[in-house]
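A.B. asks: Attaching a single structure in structure tokens format; questions to follow.
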Amino acid sequence: MRYVEHVADLVGNTPLVRLNHVVPTGPDAPLVLAKVEYFNPGGSVKDRIAEKMIDAAEASGELKPGGTIVEPTSGNTGIGLAIIAQQRGYHCIFVVPDKVSVAKQDALRAYGAEVVVCPAAVEPESPESYYSVSDRLARETEGGWKPNQYQNPANPASHVASTGPEIWEQTEGRITHFVAGVGTGGTISGTGHFLKDISDGRVKIVGADPVGSVYSGGDGRPYLVEGVGEDFWPSTYDRDICDEIVAVPDGESFHMTRRLAREEALLVGGSCGMAVCAAAEVAASAGPDDVIVVLLPDGGRGYLSTVFNDQWMSSYGFLAMDTGEWTVGDVLRRKDGSIP
Ligand code: PMP
């Protein structure tokens with residue numbers, strides 16, 4: 000019989016899938032492979048960090064048997080933490096701003112977590128903000144522990160331990176470029192360090208970032224793609240890791256996300272489209288011996304009412320991209336060469 004003891008045992012070892020339509024193809028084109036993280040049991044790359052952050056806190060004694068995990072998270076990290084917490088008998092309290100969809104809150108509750116909703120329209124310093132409330136609950140709850148994915152070194156370390164080695168083995172050391180979006184920076188810093196070290200610096204690390212975010216030189220102005228970009232510099236991001244950072248406009252990210260579903264049968268989230276735009280740009284100037292791996296952090300079910308909804312897309316003026324006014328080559332551009 001072949002089975003695992005617990006669904007948490009299935010974290011990691013996600014597949015590489017070749018992209019055949021949304022990136023340059025032909026005899027001179029590089030091989031572009033997507034690392035599809037929705038195959039993790041919680042549906043995202045964040046299962047990896049949840050497991051390692053909890054392991055480290057158990058080892059250091061910060062998290063004690065029967066303890067309570069308190070984290071401000073609305074999505075993927077919460078699901079990952081909830082899965083490991085359930086396996087190991089911890090309680091979870093997730094603090095979310097009220098702009099987070101009820102469906103996402105319900106998903107966290109479905110795993111047995113408690114969800115505390117705070118107003119989004121207050122300053123981070125306000126005692127009502129979800130940052131302040133999570134700090135207070137972590138302090139006041141007996142056995143409370145806050146993983147803090149933006150400062151926790153186990154976040155990038157989990158990618159040194161799993162994502163990096165997996166990609167190296169799966170490509171038999173032939174990877175030449177690694178492309179990933181930057182949120183906490185854990186994925187790109189951990190995976191990037193592993194791949195740089197093992198290849199003596201040969202593998203190029205390319206960050207993808209929403210236009211407006213600080214990583215690509217923006218001032219932190221708002222953008223719509225979820226889970227990536229920041230308006231501050233978290234300690235989990237190594238500012239020296241990227242050889243290149245590609246800034247991708249929201250419209251391009253979402254259009255590519257829709258193409259991934261339609262043309263590659265990969266129903267994935269908006270930050271995946273963003274990363275693939277950057278990978279397509281890298282591929283356009285790469286050679287036939289190059290092997291580009293682009294990491295796709297999560298699945299698309301959580302984005303059916305946004306990225307995959309025509310009304311939502313057209314309310315931001317993004318839908319015009321589905322008409323013939325646009326080239327659908329390596330990277331989406333207007334026919335006059337400009338980017339939306
Ligand atoms: N995409 C999504 C959907 C995410 O939730 C995250 C995590 N914030 C990322 C990309 C970026 O990953 P990282 O935090 O490791 O930089």
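If you use numbering that gives the first Met the number 0, the sequence shown corresponds to residues 0 to 339, in order.
Using N, Cα and C, we set each Cβ at its ideal position, and we do this for glycine too.
(1) From the DSSP output, in three-state form, read off Asp-242 for me.
(2) CB of Asn-39 to nearest heavy atom of the ligand PMP: below 7 Å?
(3) Do Gly-184 and the ligand PMP come close, with the Cβ less than 7 Å from some heavy atom?
(4) At 4 residues or longer, what runs of the alpha helix (DSSP H) sit wholly inside the region 139 to 200?
(5) Can the beta-carbon of Asp-208 be found less than 8 Å from the beta-carbon of Glu-36?
(6) Taking the CB atoms as reference points, tell me whether Ala-49 and Leu-80 lie closer together than 8 Å.
(7) Asp-171: buried (16+ other C-beta within 10 angstroms of its C-beta) or exposed?
(8) Using only the alpha-carbon positions, how far apart do Arg-257 and Glu-122 sit?
(9) Would DSSP call Glu-225 helix, strand or coil?
(10) What is the C-beta distance between Phe-253 and Val-178, in whole angstroms, given that I count them as a contact (C-beta under 8 Å)?
(11) Roughly how many whole angstroms lie between the Cα atoms of Gly-41 and Tyr-110?
(12) Alpha carbon to alpha carbon, what distance is there between Gly-65 and Ala-246?
(13) DSSP on Thr-76, reduced to helix/strand/coil?
(14) Assuming contact is defined by CB atoms lying nearer than 8 Å, are Ala-112 and Gly-77 in contact in what I supplied?
(15) Starting from Leu-259, trace the alpha helix (DSSP H) both ways and give me its first and last residue.
(16) Out of Glu-139, Ser-313 and Ala-277, point me to the one whose CA is closest to Asp-242's CA.
(17) For Glu-124, is the classification buried or exposed, using 16 other Cβ atoms within 10 angstroms of its Cβ as the cut-off for buried?
(18) Assuming His-158 and Thr-190 make a contact with CB atoms under 8 Å, what is their CB distance in whole Å?
(19) Within 7 Å: the Cβ of Pro-152 and any heavy atom of the ligand PMP?
(20) Assign Ala-120 to buried or exposed, taking buried as 16 or more other Cβ atoms, counted over all protein chains shown, within 10 Å of its Cβ.
(21) What is the DSSP secondary structure of Gly-268, reduced to helix, strand or coil?
(22) Report buried or exposed for Ala-7, applying the criterion of at least 16 other Cβ atoms within 10 angstroms of its Cβ.
(23) Less than 7 Å between the CB of Pro-64 and some heavy atom of the ligand PMP, yes or no?
(24) Is Leu-294 helix, strand or coil when you go by DSSP?
(25) Looking at the ligand PMP, does it come within less than 7 Å of Ser-73, judged from the CB to the closest heavy atom?
(26) To which residues of the same chain is Gly-88 closer than 8 Å at the C-beta, ignoring the five residues directly before and after it?
(27) Answer yes or no: the CB of Asp-297 versus the heavy atoms of the ligand PMP, is any distance below 7 Å?
(28) My understanding is that Ala-283 touches Val-31, with C-beta atoms under 8 Å, so please give their C-beta distance in whole angstroms.
(29) Assuming contact is defined by CB atoms lying nearer than 8 Å, are Asp-134 and Val-116 in contact in what I supplied?
(30) Residues in its own chain within less than 7 Å of Tyr-2 by CB, not counting five upstream and five downstream?
C.D. replies: Concretely, from the data shown:
(1) Coil, per DSSP.
(2) no
(3) yes
(4) 153 to 157, 163 to 169 and 185 to 197
(5) no
(6) yes
(7) Here the sequence assigns Glu to residue 171, which means Asp is not the residue at that position. It is exposed - the Cβ of Glu-171 has fewer than 16 other Cβ atoms within 10 Å.
(8) 34 Å
(9) coil
(10) Here Phe-253 is actually not in contact with Val-178; their C-beta atoms are around 18 Å apart, not less than 8 Å.
(11) 10 Å
(12) 43 Å
(13) The answer is helix: DSSP assigns Thr-76 an H, G or I state.
(14) yes
(15) 249 to 263
(16) Ala-277
(17) exposed
(18) 4 Å
(19) No - the ligand PMP has no heavy atom lying nearer than 7 Å to the Cβ of Pro-152.
(20) exposed
(21) Looking at Gly-268 - three-state DSSP - the assignment turns out to be coil, as it is neither helix nor strand.
(22) buried
(23) no
(24) strand
(25) no
(26) Pro-64 and Gly-65
(27) yes
(28) Not a contact, Cβ separation roughly 11 Å.
(29) Contact: no.
(30) none
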